[in-house]
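Okay, structure first, notes after.
In the numbering used here, the protein residues as written are 854 to 1537.
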């Protein structure tokens, strides 16, 4: 049976243990204490009198706090125990664990409590096979401290463990020989600090101090303030309210301040994506603008700061290109992986312009649009220069880094994700359909920004003309008239890749689809080949490569479905959008807790339960954001000048929904909707 995993998380720091609270290396999962892409604790095992402990119960108090109640020996309802142990764990500016030993007997008792401690300082990129490292360990019993240190040239990582109780500290951990009074208790606090040093020297340490302050703010009162600033949801369906509040909490804790940057931005999610991913962060921002708009300015500014400025094959960097991944681990520091600053994505750059414009529409923040004029224009220039590699007016991708760069540089980034109906992979450079939709949208939006904020009507006219030509060309070259949908991609010679995929919904979202073709796309998206009852599959059943557990070949992604539902409503297919929203809400209602990154594509009647994929992250920023986007979509929230438009179309059984204090350029507004004929909306 698969071992249960327990996590606490704050920013990009997190700890994963077993159900007893112990941490030991697992080649299949990132178990331990991690921060900034390094494992600082790989062994954290508690014993009492040489025995491992077993869990009576566990309370997950918050994302950043958990409590384990443990007893020694084999648990049995017929055997009384004279001692129990409570581990109260939290993570904020440091990892903290209070250990309390309770003596339940009528006589004083003596125990030997030991915490075995170790670190392999593994990079998150090598969890499945960590490289051996030379670790220096310093034990100081007088001060109750254990220091673990790894250094490679100027790259240094340290784990500092301290205890508030006196004990013996050795190279492998801490031992406490304790005497507990009858019906009494004994406790100690263990603190684990993580230290980073590298090329940044003092600047890196200063940035880390700033990060720790941000982590402290990410708990308790800060979380309450985050929730207070978001709209309040009132719904007849109580499970909707709990799912909404959980999504808000997920988004709050999945924020961190990258080193040398003071504002918090979304990380991808637990456990594999606890770093900045440009695509994930921007889509999360797009999903959450009516709810938590504060995520967007920090994300846009950071991505503008890190925008590509040179040709660098190893990092797939080009002038104007927007970052896809930022890592701080050893593999990134020594360019063993190109992830210190990695630009291997074709969609992040148009998404940057889309997000900038959409944020202004909601917020009215003209100052940010003017501030980011140069990065936005560089992004638009990149589309037509480095992006159009075949000179046919289509955005294409082909990795520069042929050693370990990403093969597919779109949201379907697994190596086998772009294939035709028979499983054949197209040649490079590849022009996937959703990229063209993003470019069309970016140029339309860029034209608005140029005309209204950059005082450049000539540039606006040019962008609009280019967008119009792209739309006409796209609807001619990508449309498959015999199948009545758009090709997944075009090969370099213009041959269509004829797979039926969920990317059709991204095309509706972008607005590039001719209106008369919307009905055919809606029928495909909600037909049995793509819609499995929970949501829209990435790849339609009935095609040779289809695999219900293939991440991009048949599984269901909530973030993907949020964009699809929004696109359907844009083209007037309200019932289809509501059906998709109902399916995704059913996933979170059935599973409970955070909405996972991806579920299997099995038909709902077959499994009757949403099957999570083993590698799926949870919580994930763009999955939690997807719930908010779906809520906004069924309520029909849309900014129009200084007003909020509300046009609800709720799924059957959702009853009445009220979303109170929606923030925007209008101040605060309320939205209402019902799931029956004659439903009404009111703006206050």
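Each residue gets a CB set at the ideal place from its N, CA and C atoms; glycine is no exception.
Just so we're clear, the structure is a prediction, and the values are computed from it rather than from any experiment.
Start-to-end residues for the beta strand (DSSP E) that takes in residue 943: On the chain shown, position 90 is the one that residue 943 refers to. Counting along the chain, the beta strand (DSSP E) containing residue 943 begins and ends at 936 to 944.
With a CB to CB cut of under 6 Å and the five nearest residues on each side skipped, what residues in its chain are close to residue 1366? For the purposes of this step, residue 1366 is taken as residue 513 along the chain shown, with counting starting at 1. Counting only Cβ-Cβ distances below 6 Å, and skipping sequence neighbours, we find 1360.
Pick helix, strand or coil for residue 1029, following the three-state DSSP scheme. For the purposes of this step, residue 1029 is identified with residue 176 of the chain shown, where counting begins at 1. Residue 1029: strand per DSSP, three-state reduction.
Counting only runs of 4+ residues fully inside the stretch 1417 to 1442, write out the alpha helix (DSSP H) ranges in chain order. none
Below 8 Å, how does it come out for the stretch 1465 to 1472 and the stretch 1418 to 1431: are there three or more Cβ pairs, yes or no? no
Which first and last residues belong to the alpha helix (DSSP H) in which residue 1453 is found? Indexing the chain shown from 1 puts residue 1453 at position 600. Residue 1453 -> no alpha helix (DSSP H), and no H or E assigned at all.
With a threshold of 6 Å on Cβ separation, who are the neighbours of residue 1094 within its own chain once the five nearest residues in sequence on each side are excluded? For this step, residue 1094 is matched to residue 241 along the chain shown. For residue 1094, where only same-chain residues beyond five positions count, the Cβ hits under 6 Å are 1086 and 1088.
Roughly how far, in whole angstroms, is the beta-carbon of residue 1285 from the beta-carbon of residue 1356, given that I think they are within contact range, below 8 Å? Start at 1 with the first residue of the chain shown, and residue 1285 comes out as number 432. Start at 1 with the first residue of the chain shown, and residue 1356 comes out as number 503. Right, the Cβ-Cβ distance comes to about 7 Å (below 8 Å), so this counts as a contact.
Identify which residue in 897, 957 and 958 has its Cα closest to the Cα of residue 967. Residue mapping note: residue 967 aligns to position 114 of the chain shown, counting from 1. Here the closest residue by C-alpha is 897.
Would you mind sorting residue 1108 into buried or exposed? The rule is 16 or more other CB atoms within 10 Å of its CB. In the chain shown, the residue the question calls residue 1108 occupies position 255. Answer is buried; the Cβ neighbour count reaches 16.
Helix or strand or just coil, what does DSSP make of residue 1520? Numbered from 1 along the chain shown, position 667 holds the residue referred to as residue 1520. Residue 1520: strand per DSSP, three-state reduction.
Nearest-angstrom beta carbon gap, residue 1485 and residue 1502 [assumed within contact, 8 Å]: If you number the chain shown from 1, residue 1502 lands on position 649. If you number the chain shown from 1, residue 1485 lands on position 632. About 12 Å; that fails the 8 Å criterion.
Reference residue 1226, options 1312, 1290, 1164 and 1215, closest by Cα: Counting from one through the chain shown, the residue named residue 1226 turns up at place 373. With distances taken between Cα atoms, residue 1226 lies closest to 1312.
Have a look at residue 1114 and residue 1159 and give me their C-alpha separation to the nearest angstrom. Here residue 1114 corresponds to residue number 261 of the chain shown, with the count starting at 1. Here residue 1159 corresponds to residue number 306 of the chain shown, with the count starting at 1. Going by the C-alpha atoms only, they are around 11 Å apart.
Report the rounded CA-to-CA distance for residue 1032 versus residue 1100, giving the unit in angstroms. As a first step, residue 1032 is located in the chain shown; it is residue number 179 there, counting from the start. As a first step, residue 1100 is located in the chain shown; it is residue number 247 there, counting from the start. Their Cα atoms are separated by approximately 45 Å.
Euclidean distance between Cα positions of residue 1213 and residue 1150: The sequence position of residue 1213 within the chain shown is 360, counting from 1. The sequence position of residue 1150 within the chain shown is 297, counting from 1. The alpha-carbon atoms of residue 1213 and residue 1150 are separated by roughly 10 Å.
Can you tell me whether residue 1377 is buried or exposed? The criterion is at least 16 other CB atoms within 10 Å of its CB, across all chains shown. Locating residue 1377 in the chain shown gives position 524, counting from the first residue. Counting Cβ neighbours within 10 Å, residue 1377 comes out buried, since at least 16 surround it.
Excluding the 5 residues flanking residue 1350 on each side, which residues of the same chain have their C-beta closer than 6 Å to its C-beta? The residue given as residue 1350 occupies position 497 in the chain shown. So the qualifying residues of the chain are 1273, 1279, 1340, 1341 and 1342.
For residue 1127 versus residue 865, is the C-beta distance shorter than 9 Å? By one-based count along the chain shown, residue 1127 stands at place 274. By one-based count along the chain shown, residue 865 stands at place 12. Going by C-beta atoms, residue 1127 is nearer than 9 Å to residue 865.
Buried or exposed (CB count within 10 angstroms, at least 16 for buried), residue 1130: The count along the chain shown starts at 1 and reaches residue 1130 at position 277. It counts as buried.
Under 8 Å by Cβ, that's how I've got residue 1408 and residue 1452 pegged, so tell me the actual separation to the nearest angstrom. Numbered from 1 along the chain shown, position 555 holds the residue referred to as residue 1408. Numbered from 1 along the chain shown, position 599 holds the residue referred to as residue 1452. Yes, they are in contact, since the Cβ atoms of residue 1408 and residue 1452 sit about 7 Å apart, within 8 Å.
Under a Cβ-count criterion, where at least 16 other Cβ atoms within 10 Å of its own Cβ denotes burial, should residue 1494 be classed as buried or exposed? Start at 1 with the first residue of the chain shown, and residue 1494 comes out as number 641. When all chains shown are included, residue 1494 counts as exposed.
Would you mind sorting residue 1414 into buried or exposed? The rule is 16 or more other CB atoms within 10 Å of its CB. Here the question's residue 1414 lines up with position 561 in the chain shown. Residue 1414 comes out buried.
How many angstroms separate the CA atom of residue 943 from the CA atom of residue 1171? Within the chain shown, numbered from 1, the residue matching residue 943 stands at position 90. Within the chain shown, numbered from 1, the residue matching residue 1171 stands at position 318. Roughly 42 Å separates the two Cα atoms.
Simplified DSSP assignment, three categories, for residue 1063: To locate residue 1063, count along the chain shown from 1; it is residue 210. Residue placement at residue 1063 cannot be trusted, given a pLDDT of 49 that sits under 50; the coordinates are not used to answer.
Apart from the five residues just before and just after residue 1514, which ones in its own chain have a Cβ nearer than 8 Å to its Cβ? Translated into positions along the chain shown, residue 1514 becomes position 661. Closer than 8 Å at the Cβ level, and outside the excluded window around residue 1514, lie 1084, 1085, 1521, 1522 and 1523.
Could you round the C-beta distance between residue 1236 and residue 1221 to whole angstroms and report it? I think they count as a contact, below 8 Å. Position 383 of the chain shown holds residue 1236. Position 368 of the chain shown holds residue 1221. With a Cβ gap of about 21 Å, residue 1236 and residue 1221 do not count as contacting.
Which residue or residues does DSSP assign as beta-bridge partners of residue 1243? Taking the chain shown and counting its residues from 1, the one referred to as residue 1243 is at position 390. None, per the DSSP bridge assignment.
Could you say if the stretch 1292 to 1301 and the stretch 1370 to 1384 meet the contact criterion of at least three C-beta pairs nearer than 8 Å? no
Between the CA atoms of residue 1295 and residue 1319 - distance to the nearest angstrom: What you label residue 1319 is simply residue 466 of the chain shown in a count that begins at 1. What you label residue 1295 is simply residue 442 of the chain shown in a count that begins at 1. Going from the Cα of residue 1319 to the Cα of residue 1295 covers about 11 Å.
Would you call the CB atoms of residue 1156 and residue 1228 closer than 9 Å? By one-based count along the chain shown, residue 1156 stands at place 303. By one-based count along the chain shown, residue 1228 stands at place 375. Yes, they are a contact pair.
To the nearest angstrom, report how far apart residue 869 and residue 1481 are at their CA atoms. For the purposes of this step, residue 869 is taken as the residue at position 16 of the chain shown. For the purposes of this step, residue 1481 is taken as the residue at position 628 of the chain shown. For residue 869 and residue 1481, the distance between alpha carbons rounds to 27 Å.
Between the Cα of residue 894 and the Cα atoms of 1047, 982, 911 and 1028, which residue gives the shortest distance? Counting from 1 along the chain shown, the entry for residue 894 is found at position 41. The residue with the shortest Cα to Cα distance from residue 894 is 1047.
Tell me whether the stretch 876 to 895 and the stretch 975 to 987 touch, counting them as touching only if at least three CB pairs, one residue from each stretch, are closer than 8 Å. yes
The beta strand (DSSP E) enclosing residue 1289, as first and last residue numbers: Within the chain shown, numbered from 1, the residue matching residue 1289 stands at position 436. First-last for residue 1289: 1286 to 1305, but that is the alpha helix (DSSP H), not the beta strand (DSSP E).
Report the rounded CA-to-CA distance for residue 1201 versus residue 1517, giving the unit in angstroms. As a working note, residue 1201 is residue 348 in the chain shown. As a working note, residue 1517 is residue 664 in the chain shown. If you take the alpha carbons of residue 1201 and residue 1517, they lie about 25 Å apart.
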